[in-house]
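Worksheet: one structure, shown below.
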Amino acid sequence: MAPAINGSDTAWLLVATALVLMMTPALGFFYGGMVRAKNALNTLMMSFSALGFVGIVWAFFGYSIAFGTLSPLCGGSSYFFLRGVGLNAQGTIPHVLFFAYQGTFAIITAALISGAIVERMRFGPYLAFIALWSLIVYAPIAHWVWGNGGWLGALGALDFAGGTVVHVNAAAAALVCAIVVGSRKDYARQAILPQNVPFTLLGAGLLWLGWFGFNGGSALAANGTAALAFTNTMLAPVATLVVWTILDLTRSGKATAVGAATGIVVGLVAITPAAGFVSPMAAIAIGAIAAFPSYFALLYRATTRLDDSLDVVAAHGVGGIVGALLTGVFASKAWNASGGDGALYGNARQLGVQAIAILATLAYSAAGTFVIVKVIALVARVRTDPREEGMGMDFTQHGEEAYSRGEGALLLLERRSDT
Amino acid sequence: MAPAINGSDTAWLLVATALVLMMTPALGFFYGGMVRAKNALNTLMMSFSALGFVGIVWAFFGYSIAFGTLSPLCGGSSYFFLRGVGLNAQGTIPHVLFFAYQGTFAIITAALISGAIVERMRFGPYLAFIALWSLIVYAPIAHWVWGNGGWLGALGALDFAGGTVVHVNAAAAALVCAIVVGSRKDYARQAILPQNVPFTLLGAGLLWLGWFGFNGGSALAANGTAALAFTNTMLAPVATLVVWTILDLTRSGKATAVGAATGIVVGLVAITPAAGFVSPMAAIAIGAIAAFPSYFALLYRATTRLDDSLDVVAAHGVGGIVGALLTGVFASKAWNASGGDGALYGNARQLGVQAIAILATLAYSAAGTFVIVKVIALVARVRTDPREEGMGMDFTQHGEEAYSRGEGALLLLERRSDT
Amino acid sequence: MAPAINGSDTAWLLVATALVLMMTPALGFFYGGMVRAKNALNTLMMSFSALGFVGIVWAFFGYSIAFGTLSPLCGGSSYFFLRGVGLNAQGTIPHVLFFAYQGTFAIITAALISGAIVERMRFGPYLAFIALWSLIVYAPIAHWVWGNGGWLGALGALDFAGGTVVHVNAAAAALVCAIVVGSRKDYARQAILPQNVPFTLLGAGLLWLGWFGFNGGSALAANGTAALAFTNTMLAPVATLVVWTILDLTRSGKATAVGAATGIVVGLVAITPAAGFVSPMAAIAIGAIAAFPSYFALLYRATTRLDDSLDVVAAHGVGGIVGALLTGVFASKAWNASGGDGALYGNARQLGVQAIAILATLAYSAAGTFVIVKVIALVARVRTDPREEGMGMDFTQHGEEAYSRGEGALLLLERRSDT
Amino acid sequence: MKLVVAVIRPDRLSYVLEELFRARVAGLTISRVQGHGGETERVETYRGTTVKMELSDKVRIEIGVSDHFVEPTVNAIVSGARTGDVGDGKIFVLPVDRVVRIRTGEEDRAAVTPVGVPAD
Amino acid sequence: MKLVVAVIRPDRLSYVLEELFRARVAGLTISRVQGHGGETERVETYRGTTVKMELSDKVRIEIGVSDHFVEPTVNAIVSGARTGDVGDGKIFVLPVDRVVRIRTGEEDRAAVTPVGVPAD
Amino acid sequence: MKLVVAVIRPDRLSYVLEELFRARVAGLTISRVQGHGGETERVETYRGTTVKMELSDKVRIEIGVSDHFVEPTVNAIVSGARTGDVGDGKIFVLPVDRVVRIRTGEEDRAAVTPVGVPAD
Ligand SMILES: Nc1ncnc2c1ncn2[C@@H]1O[C@H](COP(=O)(O)OP(=O)(O)O)[C@@H](O)[C@H]1O
Ligand SMILES: Nc1ncnc2c1ncn2[C@@H]1O[C@H](COP(=O)(O)OP(=O)(O)O)[C@@H](O)[C@H]1O
Ligand SMILES: Nc1ncnc2c1ncn2[C@@H]1O[C@H](COP(=O)(O)OP(=O)(O)O)[C@@H](O)[C@H]1O
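Residue numbers (the working numbering), protein chains in the order written: chain A, 627 to 1045; chain B, 627 to 1045; chain C, 627 to 1045; chain D, -15 to 104; chain E, -15 to 104; chain F, -15 to 104.
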């Protein structure tokens, strides 16, 4: 690591960190627009609360587990409670900033899972889940790939900004959660339509903005690699959006807005592991290719009993796996010397390494998630009963409505008497 | 061009590019709030889809046409499919980043046009139009002004961030589109009111944020010129907003929110060509002056048969022309040596040059747009029939509703049987 | 002051300024979501209009009053109309940029006050109030603390980014305004419920994003102090959000979304004066501690006759005071040599200095605000009559509705005849 | 006294209002409703979910009139609302026992004659 | 059995509800509507478009009551809804052939007496 | 002719529609309403303000039918809407003097028989 702090790298990482933090509220709107109005706040809160409950455990323990230097499997406790995390240089930026930047990744990864269990999981158990999950599942996997001497990193796995660590990981957890928590009572019985598609588009737009910090910032410097990752983060979703729209048009003759928002996110997911390793034209290829499996996975999922309500698996899981594998195909030392060459450049082995990283992540994440949910289920009821579900989570979990008119709402007496 | 990549310039341009990309979703909300609810998604999609369809052709062809070095009129094909666009320095930033930054301009310019044909143009033809338009109209004009040896640039036309290239250009196209596509069936017959004014304000706020990248980034460096352009991008809309509000108050006694959002955008448009060339006080003057013609153009337009539905001409056309001309008045070498002096500083000729740039842009854009729309009209019906228009574009073009309640929506049988 | 302009500092401050400017629209949504639909636009406009009316007087007079060098009490007129504000270095960034950055603070501080008088104050008088207030109250106090030789700064008061200057100041003004303007006619009589909680969450999310520029930018450089301030701006609200949620759960068994949004803002307010002076763990402590007084102040306020409608006092006043005092406790030279040591590090005196700064701000702000409102009341009616209040401010003040359906809206005849 | 209840197309409302005002009907109440009838159904798709929209937006008008006013009221609605396509809507005329104007307590006929309203 | 239909000002609803509960009317249905009557019209401006708002927001209350309950119900509504200004609204009393409580199938009187509802 | 007015739970609507279509009732109008009855009240908290929600969301269905159709219509609604819990709602059957189909001017029975509507 370079010893000195570099001003422009610091400037860029300050911005990148802010952008990634903003992605979690953005995700709330992307998700919140697709649920029913009676569950809008609950869905938003599943993202917003991750800022608090994942953020705090990350500061206390998570960062150390992920970026400590104990072993190839776990970072250990050296940084617990931010011990030794100061203004010293970590790479070319202040250590505190590196910590903050990584924290924003932990937060949004946990929030991503919520898409699989919206409209039915009780809020208290959810909070416990994401906090534990970020420590027990996310932090170790982050260590494996990005941590000092993490075994997947050592193996040569290429994951520029978190295709496996963030997206495949969250998707595996989402799949398990959807199965263990179970389907919504109305799933496949009644039509469940998005309450506010503009919110979903707003979320997609802001996610894209934030993703520039997510991928571009992962260069940890304001240099050519950052510029490459950035440009690819622009081009891949562009390609996915075009292909997705064409698929929509060929299928139903109508280019849907929910589809456009989904396509953008799928493209962003797919380029995440590759962003700083591949050429811009390769980014376009990755974005275009990634549209197909996710598009059809999404159609298929809806015909099954699996109520992965907002399709975390189809979008982040399938998209992340495709992206991680294609990284092993398109990666090129010519574009990033500190990266690697992919199958296309004579290094077929890379594909294998990528596959190992994916499988390890899937296996550990699924198992860990299963255990966590089951343990929580021992101490608390994880899902609402049908009556509460019918009334909506906003009222039953938060005692609020997203859009109140105030009609027929009477101030409680004690309240009135006070004045 | 400086040979080396500069870290802080790169950091700033990374951010600027992200901000400008975000302007297109923001524009979607600015526009989407002003249409009727049954057309909200269609209007949003007209912006979002530009990210895909303009973005992709820009990467394949547009960038080369605009920034290649073939001739004063056209950049040629040297950069087709990003050939030769790598990590090498373009100015003081990586070439890929310069490409990405310019791409965000192409995207939003095309999206701006949609304001003139919302609520009635069929979506397929619209996609074809913006893709072709960005190649046939936008890219050449960008080359004339900003490209290597572009003739308007050579002539000494001052357009810091796109007053003519972006705004006058889009407005000319909008005018032609509004005329060729024709008025909405309800135009001037029924009241057409904005479905969600907060969305319009949200769009205006985010557009302002993005515009700092648009104008400030056009310095292509994190230097004094960037700071000047930035500060002027803050001050001009401030002045326009104040004058606009006063005009509203004097006219109807009521300061409208739609007016405030419009005033902000007009101020941003007006300062765009001048941002890096004039003093902060001049920026205030430009913003204040620009309020008048656009304000009254907007009132007048509504009394005519021209259904430029969201007043692209009054806001971007009039505002852009006023800004471009005033650049020729207020520009000062004292504030930017690499700029020029305006009429106020004894160089009346500059005003003439500005006028030429405006006229050339108007003429070419109008003609090009007319041809493109007419050609598309040969192969496809460009506008919806009255029945579809009555049902709303969201359903007829996208098969969706912006705000569904799910009442009376029955899952289709095949669907249900699957589970 | 360093003589030379530094590229990376400039890059970071360009971004920081853009982010802080965006906070004012964000505040509009934070506030606008909590009022009734009939007052949504008016509440949004109270923030948006500050961009215009405070922005312009700041350029003409405010900046000079705050950052001129006349005396410890007032900056004087040397910079009136931006005389002498050029591209020269102010610190390590261009002077124009420093001016713009400070302007964004003046704007949002004035807008904060609106939370106390929403749904009833007439718009014209409001515009006059914020313009005058920013000159007569904000600018001098800013000078005291941050200005060249300002007396509070000289006294050693620590206010990194505006805990007293911005938040305590705005809260004192809000208290006076709420009292002088009086309660809403329905206050404590009917239930007044938030029309759009998602907007409030959107506002909170964007405010957090902007606050990174607010606190991080206050280092006026892209260095370790900026990184520290940034990280603390992430950690404090994280802690507040967690504590707030737990308080909600213990109180009513339900974690409210409005509460989450409020908790985030309280945490941001509390860390503002401390951001660049304290350790990350101290930031967590400050965020956690600050939750309690604001939480209960908010509950108590609602039982009183004081219609501080959106709880500016409980959130910004109490939060700001707690933060300013805790800065005097947790500040540590070990983390910022150019800062100071707090009581915890053996410098109890600092607490006293902080108290003086708070009291001086409270006293001057309250008095100044009272005079301004009373003077305006001499020339114009400051609040709406009950009938107008019943119809809603959107129609009576702005002649618009936030969400129109167009039903029963007839185009006025003259209008129709024109076409 | 009768209560005339009509269900019409939203985009015909302004025409119907004009006709009603011309017919000197100055008091009425409307609400946004959704209807099912002979209209062709609409299919919408959200990701994997395809739904059939059984309902289309309509506007419901409610007008309390004295008996001799029923005919002109019905005619006004019909002439303003008719397009000839399926989906134009229905009119129901219901008997009313009693009408009260809240402001004054006036009953029946007096109750439905608005104050100083030029019928357009 | 009668169906009492009232159109009132939105901001009077909570007062009307209190009066109704006091009058032991515990079952009712409301909806948001828009009305036209003697109220002064409102003009709104959006950019170049100026419109006259013919309708103002109201709330519609629908209460099924047994005959002897009509009088107290009407009185409760009037005393809760009256402001004395034009725009207070109307009450219509409609005859009802039959009332059914869906949960139990009970008819008429029985159908409109809610279970264990303290009338406030 | 009768007008059947039913107030039901929103989440029962699709079941009720299926039952109605099965019963060959093909024309109807619905609206979103809020009701008060025996349901347990809901308490909501916004910052310091605690409110009691007296109303819960319901859907109102309005169906014009010829007399012999009343019985099957009511039965269809009941079987689709009943859950057995308090809050299932009510059905009101109102007399109708006259029905007009706006499109054709047809009256009464003819007016409520939609064109070519397969009853599901
Ligand atoms: N029997 C009915 N009861 C109540 N409303 C009805 C009835 N039949 C039709 N409607 C309303 O009228 C609208 C149009 O009716 P429809 O039969 O589709 O067209 P038309 O009347 O032109 O044949 C429907 O959407 C519905 O709102
Ligand atoms: N004839 C009517 N039929 C149905 N609703 C009516 C009628 N007249 C008035 N209303 C409703 O009552 C409201 C107030 O009526 P209006 O005549 O304006 O006031 P007032 O009853 O005090 O004279 C109107 O907005 C409308 O909703
Ligand atoms: N007397 C009434 N008039 C009009 N609507 C009523 C009446 N009573 C009940 N309702 C409607 O029916 C709904 C359910 O009624 P409720 O008495 O709570 O349940 P149940 O009918 O199962 O006893 C209420 O929310 C309200 O909308």
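Built from N, CA and C at the ideal position, the CB exists for glycine as well.
Asked: With a threshold of 7 Å on Cβ separation, who are the neighbours of A/Ala865 within its own chain once the five nearest residues in sequence on each side are excluded?; Found: Gly893, Ile910, Gly913 and Ala914
Asked: If I follow the unbroken alpha helix (DSSP H) through A/Thr987, where does it start and stop?; Found: Arg975 to Val1005
Asked: Please name the residue, chosen from D/Glu55, D/Leu39 and D/Asp81, that lies closest to E/Val77 on a Cα-to-Cα basis.; Found: D/Asp81
Asked: Could you tell me which residues DSSP pairs with F/Phe76 in its beta bridges?; Found: E/Val83 and F/Val(-11)
Asked: When the Cα atoms are used, what is the spatial distance from B/Met627 to B/Thr718?; Found: Any reading at B/Met627 must be qualified, since the residue scores a pLDDT of 43, below 50, and its modelled position is unreliable; the value itself is stated next. Using only the alpha carbons, I get a separation of about 8 Å.
Asked: Given A/Val1008, which residues of its chain have a CB within under 8 Å of its CB, disregarding the five upstream and five downstream residues?; Found: Met747, Arg748, Pro751, Val806, Val807, Val999 and Ile1002
Asked: Hey, B/Gly850 and B/Ala652: beta-carbon distance below 7 Å or not?; Found: no
Asked: May I ask you to report which of helix, strand or coil DSSP gives D/Thr33?; Found: strand
Asked: What span of residues does the alpha helix (DSSP H) with D/Leu1 cover, start to end?; Found: Leu(-3) to Arg6
Asked: Per the contact definition of three or more C-beta pairs closer than 8 Å, is the stretch 702 to 714 of chain B in contact with the stretch 893 to 903 of chain A?; Found: no
Asked: CB E/Val83 to CB E/Asp92, shorter than 7 Å?; Found: yes
Asked: Are the CB atoms of A/Ser703 and A/Ala736 within a distance shorter than 7 Å?; Found: no
Asked: What are the boundary residues of the alpha helix (DSSP H) that includes A/His1024?; Found: Met1019 to His1024
Asked: What's the C-alpha gap between E/Val17 and C/Val938?; Found: 35 Å
Asked: According to the Cβ coordinates, are A/Phe956 and A/Gly968 closer than 7 Å?; Found: yes
Asked: If the criterion is Cβ atoms closer than 7 Å, does the pair E/Lys(-14) and E/Val58 meet it?; Found: no
Asked: Compare the C-beta of F/Asp104 with all C-beta atoms of chain B and state if any pair is closer than 7 Å.; Found: Here F/Asp104 scores only 35 on pLDDT, less than 50, and its place in the model is too uncertain to base an answer on.
Asked: In the DSSP assignment, what residue or residues form a beta bridge with F/Gly19?; Found: E/Thr13 and F/Ser40
Asked: Within 7 Å (strictly less), CB to CB, does C/Tyr1029 reach chain B?; Found: yes
Asked: Quick check on the DSSP output: the beta strand (DSSP E) that includes C/Leu1089 runs from which residue to which?; Found: No statement about residue 1089 of chain C is possible, as the shown extent of chain C runs from 627 to 1045 and does not include it.
Asked: Just to confirm, is the Cβ distance from A/Ala853 to B/Pro720 under 7 Å?; Found: yes
Asked: Out of B/Gly782, B/Ser844 and B/Val794, which has the shortest C-alpha to C-alpha gap to B/Tyr764?; Found: B/Val794
Asked: Going straight from the alpha carbon of C/Ser673 to that of C/Ala992, what length do you get?; Found: 21 Å
Asked: Does F/Arg82 come within less than 7 Å of chain D when only Cβ atoms are used?; Found: yes
Asked: Please classify C/Pro720: does DSSP put it in a helix, a strand, or coil?; Found: strand
Asked: Using 7 Å as the limit for Cβ to Cβ distance, is B/Leu1036 near chain D?; Found: yes
Asked: Quick one: using the 10 Å Cβ neighbour count with 16 as the cut-off for buried, is A/Tyr926 buried or exposed?; Found: exposed
Asked: Note down, in chain order, every chain E residue with its Cβ under 7 Å from the Cβ of F/Ser15.; Found: Ser15
Asked: Alpha carbon to alpha carbon, how far is A/Val904 from A/Leu924?; Found: 27 Å
Asked: Going by other Cβ atoms of all chains shown within 10 Å of its Cβ, with 16 needed for buried, is A/Gly1032 buried or exposed?; Found: buried
Asked: Is any heavy atom of ligand 3 found at a distance shorter than 6 Å from the C-beta of E/Glu46?; Found: yes
Asked: Pick helix, strand or coil for A/Met671, following the three-state DSSP scheme.; Found: helix
Asked: Would you call F/Ala103 buried or exposed, if buried means 16 or more other Cβ atoms sit within 10 Å of its Cβ?; Found: Caution applies to F/Ala103, whose pLDDT of 36 falls short of 50 and renders its modelled position unreliable; the model cannot decide the point.
Asked: What does E/Gly48 pair with, by DSSP beta-bridge criteria?; Found: E/Leu(-13)
Asked: Decide if B/Ala642 is buried, meaning its Cβ has at least 16 other Cβ atoms within 10 Å, or exposed.; Found: buried
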